[in-house]
Each structure stands twice: as structure tokens, then as C-alpha cells.
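Structure first, commentary second.
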Amino acid sequence: MLFNWNHIRLRDKMLILYFSCVFLPIVLTNIIFYNVTTGNVQRQRTQDIMRAVEQMKNEFLNEVEDAVSVSTVFNTDHLLNEILETKYDNPVDYIEAYDSYLRRVLNSYGPIYYSLKAITVYVDNPTMLYAGGIAMITPETKETDWYKAIQENPSSRPIFIRTGSDGMQDTYSVVRKMDNYVPYNEREKILKIDLDSSAIRRIFGNLNLQGDIYLLNDQGRVEYTTDHTVNWEEGHVFYDNIIHAKDAIEFQTDAFTVGFLDKWRVIGIVEESEVFEEVRKSRGLVIVLACINSIIPTAMIVWITRSLHVRLGLILRHMKKVKIQNFALIKQAETRDEIGQLTGEFNRMTEQIKNLINDVYVADIQKKSLELKRRQAQLHALQSQINPHFLFNALETIRMRSLMKKETETAKIIHHMAKIFRNSLVWSKDMTSVREEMEFIHCFLEIQKYRFGDRLTYHVQADDEALSCMIPKLTFLPFVENASIHGIEPLKSGGLIDIHIFKESEHIVFTLKDNGVGMDDQKLEQLQKYIESEPEMGDRIGIPNVIYRLKLYYGKEFDIRLDSIPEIGTRVLLRIPIAGQEGGRVQGE
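Take the sequence shown: its position 333, counting from 1, is numbered 333 in UniProt numbering, and each next residue is one higher.
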């Protein structure tokens, strides 16, 4: 079957037009704009973080180079080396040399380079006094890591090493041999310049980078880190053994190329959420623009589409009303567009059809209606020939004759039958009391008892407070009749009918149990469907008739439950609101 646009409803065509020409282009445009924007923001943020790491690397290198520069000055200072090489006969000579030159040299760089914490010259000259930046090379000194490292260094180039301070490895030092003074290089002289650890923390504690910084030596060991979870100060921790978060991003600079920091590296670890923080900030702007681009066109299209759809739907509904001879006109303000013209033409056509029907067919309908009423009158005349009083008088005559012949049981049954006939044929009111309904039930059961003898046993109980309550006429009796005829009569052995009527809160509750043949699932399902369906009278009698009348009186406020098991019996529970008596009076009127 070929696709045809004419088979699609107008509203669906409008939706297709909206989604294909407005919504999808806007969504695609916003997605592309968002991806481009977030990509640019992400690249910019990545570059900023990388620049921050590079800045830390450069600042750290500058601090170390300052210390190296100072060490070079000390190494090339001939007068300083001469004083360190000199053998002093008495302490006064050393003190004079110290005050004249050493004190000024050792203390002149502190105010210039704030990152230098201490400058110490270790020398094996026993004629010197070891104080004020001059220290002796002792056996303990020779056991330190920095002394061993400088001894392993074949050249006089400085080395950068993490040294100890009060047993804590948190001090960084530039160490080098002072062997440049060739003529008098007889004594061992080592220069140790300690960097201020707070300056190192300041460099790597850049507030612009929310992450962890790692300073690695040429062996990949962590020499410093801002990661508080890594115990780098008291042991040898290798970077490759550190476990990072799965979403962490690594920013690694190029290795240092200077000799004293050869192959040292600075690495920054930043969580992905930090990188995308700026992306999330730009997301709000994208969402606002997307909403503006979507809501305004959508509102305009919905407004126009609704105008078309509502008015066309109104015309269609009135055309369907014409099919059932409802010629109501469309009450709508006159408009000049095509739909307004269509509405006006429809109203004129409907008015013409209505006038045509009234002129041509109403007379014929009135004629047929008179003929129908005439035949109904004839039917009522035939029915009225059988006078109910004749039937009651005849039954009363038979009952009196039975009493005269002392046939009391027969007379009793005829009396019960007359009461039932009178109640069924004379319908002067819709509502009756529970007491009167109980009398009808008793009469019916006595007649059935007369028919079946010992095969039928019944028990009827009604609470006193329920007897005066009003219910629709012949509400309980059809259930009793159904239990007797369809439940007990097919039994070969005796059957029992148990009836209980009582008042519960604002309801009258009627329960009936029998041990008859019961109903199969199909019959029970049929009755259940009728209970749940909309009320239609038709030609139904018995229980369907009771359900129909209860729906007319109480709507959905009554409750009926049917339970039945084949060969075991049936149970009926009917709950009727007491406040529903007003509906009976209206119905009776």
C-alpha cells in the first residue's frame, strides 16, 4: 500500500512539520553549539592547567638556580677559599679573618634570596672555629646521604638533593665541592645551601590548580608532593606505585635539562570534574539559549495549530451530530479565514436540512405516532379484560373452600400465593420496608416447602433495627427464588437456604447461602460482567432486573458479591446504602 499524506490527520501533519522543521533543527543546532563550546572551554581549561604546572616548574627551577648561582660565587671566590685553606696558629687570627671577610660573605645573600634558608661550609681545617656558617666534616657528616652523594659526583658540579632536618627529610639543598681554588686545594671543602621549605610549598601550592603536584627525581621517586595521602617525607615512594582516581587526568611537563636537575619532572594530577567545571558553567548558558530557541517557536506553533485543530474538530463533531439528527448550529465568532467560511457554510446547510425535515417528514412521523398510540390503547384494553381483583377473589374463594373442608395446609399455601400475586401485580410504590420484604420471602419459601416437603430447609433471620429500613421493592426475593429453583430443586437430597439481614453502619446487608448445585464459571462470569456493565433494561428478569434497578437507585454506591462452587453451593452478599431511600421516592413519583 502506497503512503498517502491525505490519510494522516491534520494534527499529526502539524506535529510532523514541527518536529522535522523546527524542533529537530533547533536540537541539532544546540547540540553542535554545546559540543563546540564545551570543546573550546575544555581545551582552554587544559591549557590553563598545563601553564600552571609549567609555571610551577619554572619557579622551582629559578629558586634552585639562585642557590646554584650563589654556590658558584662561593666556589670561585679565591679569598674565601684562601681563608678556608689557611692554617691558623691561634683562634684570634681566625676570628680576625672571619670578621674581616667570612661573616660578610656568609650573611650577605640571605636578604637578597628569600628562598635560601642557610648557607654552611663544611671544611676539615681543625684550626678554625666551627660556628657562624662554618662546620667541621665529622664522621657523622660523612654518614649523611648528601655527603655520600657529593662524593659519588666525579665533577665539581653542584647536586640538588633532599636532605634531612632534625631527622625529617623535608629540606632541599644544593651541595657542591669547593675545589676550584687550585693552588691551595689541600683541604676538603663542601658548600651546602639549604632552601626554605616554605618557599617550595608556596611554589607547588598554586591556588589556581585544584589538584595534586608531584616532583620526581631522575629515578621516578617522589621528592615532594601536595598529595596528603602519600607519605613521601619518611620513605622512598615511587610515582608509578601511587594509585590515582579513575577519572584523574595527568599533566606532565618536560624533564629538566640542567645538570643538577637532570631528568627531574613535575607532574600535576587533576580530577576530571575540575577540568570540566568551566564546561558545566557554560552549560547553563547553552541551556538558556536552547530554551529560548525552543519555547518561543513552540508556543507560536502550538497556538496556531490549536486554532486550526480546535475549530476543525468542532466542525467535525457537529457533522457527526447531524448523522443522529441533532441539527445544532456551531456557535462561534465569525472569522474570515477558510475555516471560518467553512463554519458559516455548515451552519447554513444544517439550517436548510432541518427545515426540509420539518416540512416533509414531520407530518409522516406524527401520523405513524398516532397509529402506534392507537395500537397501544388496544393492547391495554385487552390486558384490562383480566382484572387482578378477579384473580385475588378467585384465590380467596378457593382458600375458604379449603378451610371449610379442613384442608388447612392447602389454604395456607393459597393465602401465601395470593399475597405474592397481589404484591407483584399491584405496584403502587417503589420502596418497601425490610419487614414487608421478609413477609414475601416467607410466603415464597412456604410455597416451596409445600412443593418439596422435607427436601427444603430454610432459616431466615433479620435484626430488629433493620426491619424498618426502606429498600427497593422485590430486591431480596429474586435471589431467594434463584437459590430455591436453580440451586435446591435439582438436588435429590435435602437442601438448605440460610438468610440473614442486618444493619451495618449506614448500610443494609443481605446474605444468602445455599448448598445447592451452584453455578459454573461461565454463568458466574456472565453475571459478574452484567454487574460491571452499564445499566440496560432490555427484557431481563430475575437477578439482572434487580441489578438494573439497584444501579438506577444507587449508582455505584451499592455492592453485590456472588461466590459459587459447583456441587457445593452459592453465596450472595448484597450491601445497600440506607441513605438511598430518596432515590426511590423520586422514582416512584
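We treat Cβ as the ideally placed atom computed from N, Cα and C, and that holds for glycine.
Indicate whether residue i and residue j have their beta-carbon atoms separated by less than 9 Å.
i           : j           : result
residue 119 : residue 128 : no
residue 509 : residue 490 : no
residue 441 : residue 576 : no
residue 288 : residue 37  : no
residue 114 : residue 212 : no
residue 145 : residue 163 : yes
residue 412 : residue 446 : yes
residue 340 : residue 352 : no
residue 266 : residue 215 : yes
residue 56  : residue 203 : yes
residue 226 : residue 205 : yes
residue 18  : residue 305 : yes
residue 356 : residue 315 : no
residue 148 : residue 217 : no
residue 101 : residue 79  : yes
In chain order, what residues of the same chain have a beta carbon less than 6 Å from the beta carbon of residue i, not counting five sequence neighbours either side?
i           : result
residue 64  : 160
residue 124 : 137, 187 and 188
residue 298 : none
residue 574 : 510 and 560
residue 448 : 456 and 484
residue 458 : 445 and 497
residue 318 : 330
residue 167 : Legend: pLDDT at residue 167 = 47, less than 50; position of this residue unreliable, no value from coordinates given.
residue 176 : 71, 158 and 191
DSSP three-state call for residue i: helix, strand or coil?
i           : result
residue 142 : helix
residue 480 : helix
residue 213 : strand
residue 228 : coil
residue 472 : strand
residue 88  : coil
residue 135 : strand
residue 337 : coil
residue 192 : strand
residue 14  : helix
residue 205 : coil
residue 507 : strand
residue 412 : helix
residue 100 : helix
residue 237 : coil
residue 458 : strand
residue 575 : strand
residue 220 : coil
residue 344 : helix
residue 431 : strand
residue 359 : helix
residue 175 : strand
residue 197 : helix
residue 549 : helix
residue 485 : helix
residue 8   : coil
residue 495 : strand
residue 364 : helix
residue 147 : helix
residue 350 : helix
residue 161 : strand
residue 328 : coil
Strictly under 9 Å for the Cβ-Cβ distance: is residue i near chain D by that measure?
i           : result
residue 261 : In the structure shown, chain D does not exist; there is a single protein chain.
For residue i, which residues of its own chain have a beta-carbon under 7 Å away from its beta-carbon, when the five flanking residues on both sides are left out?
i           : result
residue 94  : 88, 127, 128 and 129
residue 502 : 463, 466 and 509
residue 193 : 67, 70, 71, 116, 119, 173 and 174
residue 524 : 562 and 564
residue 578 : 469, 506, 507 and 508
Excluding sequence positions up to five away, which residues of its chain have a Cβ less than 8 Å from the Cβ of residue i?
i           : result
residue 277 : 45
residue 261 : 61, 64 and 160
residue 220 : 238, 239 and 240
Inset, instruction - Check whether the stretch 270 to 277 touches the stretch 245 to 255, counting contact only when three or more Cβ pairs, one atom from each stretch, lie closer than 8 Å. - result: yes
Legend entry - Contiguous beta strand (DSSP E) assignments of at least 3 residues, all confined to the stretch 245 to 319: 248 to 252 and 265 to 271
Inset, instruction - Evaluate contact between the stretch 16 to 33 and the stretch 326 to 334, counting only Cβ atoms and requiring at least three cross-stretch pairs below 8 Å. - result: no
Inset, instruction - Could you tell me whether the stretch 545 to 554 touches the stretch 518 to 526, where touching means 3 or more Cβ pairs closer than 8 Å? - result: no
Legend entry - Touch test, the stretch 556 to 563 against the stretch 481 to 500, Cβ-Cβ under 8 Å, three pairs minimum: no
Inset, instruction - Enumerate, from N- to C-terminal direction, the unbroken alpha helix (DSSP H) stretches of 4 or more residues contained entirely within the stretch 22 to 98. - result: 24 to 76, 78 to 85 and 91 to 97
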